[in-house]
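Student: Protein chains in written order, with numbering that gives the first Met the number 0: chain D, 0 to 148; chain V, 0 to 537.
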Amino acid sequence: MSEPLYQLVYYSRNKVSGQDDALEAQVDSILEASRRNNQAVGLTGALMFNSGCFAQVLEGPLDAIEATFERIQRDERHGDVSLLALDPIATRAFPNWAMGFVGHSTKNAKRFEQVGVRSGFDPQRLGAQKVHAILRDLTLDEEGLAERV
Amino acid sequence: MSVLSCLSTAVSSSALQEVILDGLLHPVLVLNSDAEVIYGNASAAACFGPYLIGSDLNALFPACPDAIACLHARRTTFEVISETAGRFSVFASVSSDGDSILSLIPVVSDVRSIVETDELTGLIKRNGLRGFLEQAFAPKGGEGGLVAVHFLDLDRFKVVNDTLGHTIGDQLLKKVAERLLSVCRKQDCVARLGGDEFVIVQSGVTDLADAERLAARLVDLVGRTYVLSGHAVNIGVSVGIAMAERNQAPRDLLRNGDLALYEAKRAGRGRFRVFEPGMYAALRLRRELEVDLRRALALRQFDLHYQPFLDLETNRIIGYEALIRWEHPTRGCVSPADFIPLAEETGLINKIGEWVMRTACATAMSWSEDMTVAVNVSPIQFKADGLVQTVLSALAFSGLSPHRLEIEITEGAFLEDTPNVLKTLHALRDLGVKISMDDFGTGYSSLSYLQKFPFDKIKIDQSFIQASAGGDGEAILKAIASLGLSLGMAITAEGVETAEQLARIRGENCTHVQGYYTGRPQPADRISTTIETEAAGD
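What follows is the structure, encoded as structure tokens:
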């Protein structure tokens, strides 16, 4: 019998927002680090981002989830991390690692299109569970706040 | 020829040779060709324990597997680290028969390695911290920057321990320690003083802003959610900062940090405060006041004065509010605004409140039978469980009829544990006691309090009565008064000082009035004469 699966959902204000180049550099580094770290410990999930925030669903063994979340908490680039859910799950909603831009900004949608394609990010999956849909809506709200600044 | 017999030859008395070796402050070891200890002086025994003889270098210094190699390579100096005794510079020489003679000189600059560490978090402990501070203060060549001490106390740690258990509590402490280490630099020192108290010594600080930046980061970082064994855990941290001054004793620096921490907690926790010289004086004054306050009751320094309130319809005094006075032999008259908060903080308010209740009830018995006595009750007294019993016993002891007692509470009573407060209020009401809401309009002024409990009376804070005519204050007064009217509650206007104010509140649905204009607070023995005078004037 394999280890029980958990799901952790959080979102955080993006402290690096403001400059497009900084966001792009950050997205690249996160994608690279996620690929490298998560696969080894059995984590999958989805990460949404825009100029306002990061929102993430992490799925996998509890130990790996806790260690990853702790790493995120210690990362100065994340501000106001809100933990939305931490629950045992029967099956993974995101069996692969995926990351993509979620937002209204057409400029950024174009800019980050390849990130979504490369990682197999499917925004449609976000409607499947209520907490994921909430997460998507929060992400959109945060983009709106950040773009107005 | 062994090294020891060499020594014996050189020094005529073997006793003297022992005295010399044991008199050395640093460990001296003699090892055979298998790197096993065949001799250790007294200092060595103190550092490495009584079972020294026969141990090999690996057993003594497990963290330094290549010590034996150094020995075999005939290296004359190398370093070793002992888990219990710290780091040493080793000076090695070899005797003619192949025994190695090692002088172990402690490396004092690396305090961390020779102090005890906390088993749970791996951080250094209190005595190690003191050593580190002394080190940090030692005169150095060149400018080493300033030193800041951060005193940390976790907020709500006890709740986590109590609700989720010690295992989770320990996991949390470990994560906190890791987070603290993650924001500190190598030259900084992080210590756990036990429980949920931590100290960080930040060195190489350029200015106060530098220290404040770290403190703000600590407050943010420690306050972020933890996930522990599937539980989401939230705590906070309060931080006190003290900047080290030249020639300051570590003990004073730690005391200053602790004082600043105390201020951070008093300001509402989850924040940092920087030590200021005034804090020590302020705390000392508070302590002295507390000492005096603790004995004031026994020394009978409290007295009650009584301020009349009038029924605006009949223009007659219908009762008195009991107001506490503290006459201190050297301080003089201490204002309740100065000692009541301290009494609440220390819990002394419960005993003082009990005395007020008994005294006021007893005094009211000397008044005519239609007079009410109003007594203020602190929110702290509601928390203490014994309030209903206190009132019952004061009534029984004095013989006062419950309907002549009016209890005044403030909104503060509702801020915590509202269901319990409501239960107490209903129990008091069931005794026949009246309940009024005091100082209405100054706090949260939540209308939901008025809905939660059917108060007999609302007392409108004096700031609205003393506000200028036609202004916002008057509009608020008008609104509260008509609200009271529609809820069937009496309305007392407090702080009426002039005829003009009295005339104004008459027009605003207020039912009662209290203030300097209609009567100042006065001692109990002058109340009865007031009543007589007033009766005579009718």
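Positions of the beta carbon are idealized from the N, C-alpha and C atoms, including for glycine.
None of the values given here were measured: they were computed from a predicted structure.
Counting contacts by CB-CB distance shorter than 8 Å, is residue 5 of chain D in contact with chain V?
Tutor: By 1-based counting over the first sequence, the position of residue 5 of chain D is 6. Yes, because at least one Cβ of chain V sits closer than 8 Å to the Cβ of residue 5 of chain D.
Student: Excluding the 5 residues flanking residue 91 of chain D on each side, which residues of the same chain have their C-beta closer than 7 Å to its C-beta?
Tutor: For the purposes of this step, residue 91 of chain D is identified with residue 92 of the first sequence, where counting begins at 1. Excluding sequence neighbours, residue 91 of chain D sits near 4, 43, 58.
Student: Within 8 Å of any Cβ in chain V, is that where the Cβ of residue 35 of chain D sits?
Tutor: Your numbering for residue 35 of chain D matches position 36 in the first sequence. Residue 35 of chain D does not count as touching chain V.
Student: Compute the Euclidean distance between the alpha carbons of residue 112 of chain V and residue 46 of chain V, then round it to the nearest angstrom.
Tutor: Against the second sequence, residue 112 of chain V aligns to sequence position 113. Against the second sequence, residue 46 of chain V aligns to sequence position 47. Its pLDDT being 47, under 50, residue 112 of chain V is placed unreliably by the model, and the measurement read from it follows with that caveat. So the alpha carbons of these two residues sit roughly 13 Å apart.
Student: Under 8 Å by Cβ, that's how I've got residue 152 of chain V and residue 196 of chain V pegged, so tell me the actual separation to the nearest angstrom.
Tutor: Here the question's residue 152 of chain V lines up with position 153 in the second sequence. Here the question's residue 196 of chain V lines up with position 197 in the second sequence. Yes, they are in contact, since the Cβ atoms of residue 152 of chain V and residue 196 of chain V sit about 6 Å apart, within 8 Å.
Student: Please compile the residues from chain D whose C-beta is within a distance smaller than 9 Å of the C-beta of residue 481 of chain V.
Tutor: Here residue 481 of chain V refers to the residue found at position 482 of the second sequence. Contact of residue 481 of chain V with chain D by beta-carbon distance below 9 Å is absent, the smallest such distance being about 41 Å.
Student: Does any C-beta atom of chain D lie closer than 8 Å to the C-beta of residue 174 of chain V?
Tutor: Position 175 of the second sequence, counting from 1, holds the residue named residue 174 of chain V. Yes, its Cβ sits closer than 8 Å to a Cβ of chain D.
Student: Run through chain D and tell me which residues come within less than 9 Å of residue 76 of chain V, C-beta to C-beta.
Tutor: As a first step, residue 76 of chain V must be located in the second sequence, where it is residue number 77. The premise fails here: residue 76 of chain V is roughly 40 Å from chain D at the closest Cβ pair, so nothing lies under 9 Å.
Student: Going along the segment 52-74 of chain D in order, which residues come within less than 8 Å of chain V, judged by CB to CB distance?
Tutor: Residues 61, 64, 65, 68, 69, 72, 73.
Student: At 9 Å on the CB atoms, spell out the chain D contacts of residue 181 of chain V, in chain order.
Tutor: Your numbering for residue 181 of chain V matches position 182 in the second sequence. Residues of chain D passing the Cβ test: 73.
Student: What are the complete beta strand (DSSP E) segments, minimum 3 residues, inside the segment 443-468 of chain V?
Tutor: DSSP runs (the beta strand (DSSP E)) wholly in the segment 443-468 of chain V: 456-459.
Student: Buried or exposed: residue 27 of chain D, going by 16 or more other Cβ atoms within 10 Å of its Cβ?
Tutor: On the first sequence, position 28 is the one that residue 27 of chain D refers to. The residue in question, residue 27 of chain D, is exposed, as its Cβ has fewer than 16 Cβ neighbours within 10 Å.
Student: Taking only beta-carbon positions, decide if residue 110 of chain V is within less than 8 Å of chain D.
Tutor: In the second sequence, residue 110 of chain V corresponds to position 111, counting from 1. Confidence is the limiting factor: at residue 110 of chain V the pLDDT is only 46, short of 50, which leaves the residue's position unreliable and the question unanswerable from this model.
Student: Report the rounded CA-to-CA distance for residue 223 of chain V versus residue 518 of chain V, giving the unit in angstroms.
Tutor: Residue 223 of chain V sits at position 224 when you count from the first residue of the second sequence. Residue 518 of chain V sits at position 519 when you count from the first residue of the second sequence. Cα-Cα distance, rounded: 55 Å.
Student: For the pair the segment 19-27 of chain V and the segment 78-96 of chain D, tell me if three or more CB-CB distances fall below 8 Å.
Tutor: Of all C-beta pairs linking the segment 19-27 of chain V to the segment 78-96 of chain D, fewer than three are shorter than 8 Å, placing the two stretches out of contact.
Student: Where does residue 543 of chain V land, buried or exposed, given buried means 16+ other C-beta within 10 angstroms?
Tutor: What the structure shows of chain V is the stretch from 0 to 537, and residue 543 of chain V is not part of that stretch, so it cannot be assessed.
Student: For residue 80 of chain D, would you say it is in contact with chain A, using Cβ-to-Cβ distances shorter than 8 Å as the test?
Tutor: This model lacks chain A altogether; the protein chains it does include are D and V.
Student: For residue 515 of chain V, does the count of other Cβ atoms within 10 angstroms reach 16, so buried, or fall short, so exposed?
Tutor: The residue labelled residue 515 of chain V in the question sits at position 516 within the second sequence. By the 10 Å Cβ count, residue 515 of chain V comes out exposed.
Student: Give the secondary structure of residue 169 of chain V by DSSP, where H, G and I count as helix, E and B as strand, and everything else as coil.
Tutor: If you number the second sequence from 1, residue 169 of chain V lands on position 170. Note: residue 169 of chain V maps to helix in three-state DSSP.
Student: Taking C-alpha atoms, which residue in V:124, V:258, V:268, V:248 lies nearest to residue 275 of chain V?
Tutor: Mapped onto the second sequence, residue 275 of chain V falls at position 276. For the residues V:124, V:258, V:268, V:248, the minimum Cα distance to residue 275 of chain V belongs to V:258.
Student: Does residue 231 of chain V have its Cβ less than 8 Å from a Cβ in chain D?
Tutor: Residue numbering aside, residue 231 of chain V sits at position 232 when the second sequence is read from its first letter. Interface residue, yes.
Student: Excluding the 5 residues preceding and the 5 following residue 427 of chain V in the sequence, name in chain order all residues of the same chain whose CB lies nearer than 8 Å to its CB.
Tutor: Your numbering for residue 427 of chain V matches position 428 in the second sequence. 386, 387, 390, 406, 434, listed in sequence order.
Student: If we require 3 or more residues per run, which beta strand (DSSP E) segments fall completely within the segment 153-235 of chain V?
Tutor: 188-193, 196-204, 225-227, 230-232
Student: Go through its chain and collect everything with a Cβ distance to residue 140 of chain D's Cβ below 6 Å, but skip five positions before and after it.
Tutor: Start at 1 with the first residue of the first sequence, and residue 140 of chain D comes out as number 141. Sequence-distant partners of residue 140 of chain D (beyond 5 residues in either direction) whose C-beta falls short of 6 Å from its own C-beta are missing from its chain.
Student: If contact is defined by three or more beta carbon pairs under 8 Å, each pair taking one atom from either stretch, is the segment 402-417 of chain V in contact with the segment 435-444 of chain V?
Tutor: Touching, yes.
Student: I want to see whether chain V comes within less than 8 Å of residue 0 of chain D, judged by CB atoms only; does it?
Tutor: Locating residue 0 of chain D in the first sequence gives position 1, where the first residue counts as 1. Its pLDDT being 49, under 50, residue 0 of chain D is placed unreliably in this model, and the value from its coordinates should be taken loosely. No, residue 0 of chain D lies away from the interface with chain V (no Cβ there is under 8 Å from its Cβ).
Student: Helix, strand or coil for residue 482 of chain V, going by three-state DSSP, please let me know.
Tutor: Counted from its first residue, the second sequence places residue 482 of chain V at position 483. DSSP places residue 482 of chain V in helix when its eight states are reduced to three.
Student: Between which two residues does the beta strand (DSSP E) holding residue 87 of chain D run?
Tutor: Indexing the first sequence from 1 puts residue 87 of chain D at position 88. 77-88 is the extent of the beta strand (DSSP E) around residue 87 of chain D.
Student: Of the choices V:71, V:521, V:33, V:164, whose alpha-carbon is the least far from that of residue 306 of chain V?
Tutor: Here the question's residue 306 of chain V lines up with position 307 in the second sequence. For the residues V:71, V:521, V:33, V:164, the minimum Cα distance to residue 306 of chain V belongs to V:521.
Student: Okay, do the segment 223-243 of chain V and the segment 160-174 of chain V touch, 3+ Cβ pairs below 8 Å being the bar?
Tutor: yes
Student: Confirm, please, whether the CB-CB distance from residue 464 of chain V to residue 440 of chain V is below 8 Å.
Tutor: Along the second sequence, read from residue 1 onward, the residue named residue 440 of chain V stands at position 441. Along the second sequence, read from residue 1 onward, the residue named residue 464 of chain V stands at position 465. For residue 440 of chain V and residue 464 of chain V, no; Cβs fall outside 8 Å.
Student: Give the interface partners of residue 85 of chain D over in chain V, defined as CB-CB distance under 7 Å, in chain order.
Tutor: As a working mapping, residue 85 of chain D is identified with position 86 in the first sequence. Those within 7 Å of residue 85 of chain D in chain V are 226, 229, 231.
Student: Rounded to a whole number of angstroms, what is the C-alpha to C-alpha distance between residue 54 of chain V and residue 242 of chain V?
Tutor: Here residue 54 of chain V is taken as the residue at index 55 of the second sequence, counted from 1. Here residue 242 of chain V is taken as the residue at index 243 of the second sequence, counted from 1. If I take the Cα positions, the gap works out to 47 Å.
Student: Given a cut-off of 8 Å, decide if residue 300 of chain V and residue 349 of chain V are closer than it, judged by their beta-carbon atoms.
Tutor: Here residue 349 of chain V refers to the residue found at position 350 of the second sequence. Here residue 300 of chain V refers to the residue found at position 301 of the second sequence. For residue 349 of chain V and residue 300 of chain V, no; Cβs fall outside 8 Å.
Student: Starting from residue 178 of chain V, find everything on chain D with Cβ-Cβ shorter than 9 Å and list it in chain order.
Tutor: As a position in the second sequence, residue 178 of chain V is number 179, starting the count at 1. Within 9 Å Cβ-Cβ: 69, 72, 73.
Student: CA-CA distance, residue 496 of chain V and residue 475 of chain V?
Tutor: Counting from one through the second sequence, the residue named residue 496 of chain V turns up at place 497. Counting from one through the second sequence, the residue named residue 475 of chain V turns up at place 476. Roughly 19 Å separates the two Cα atoms.
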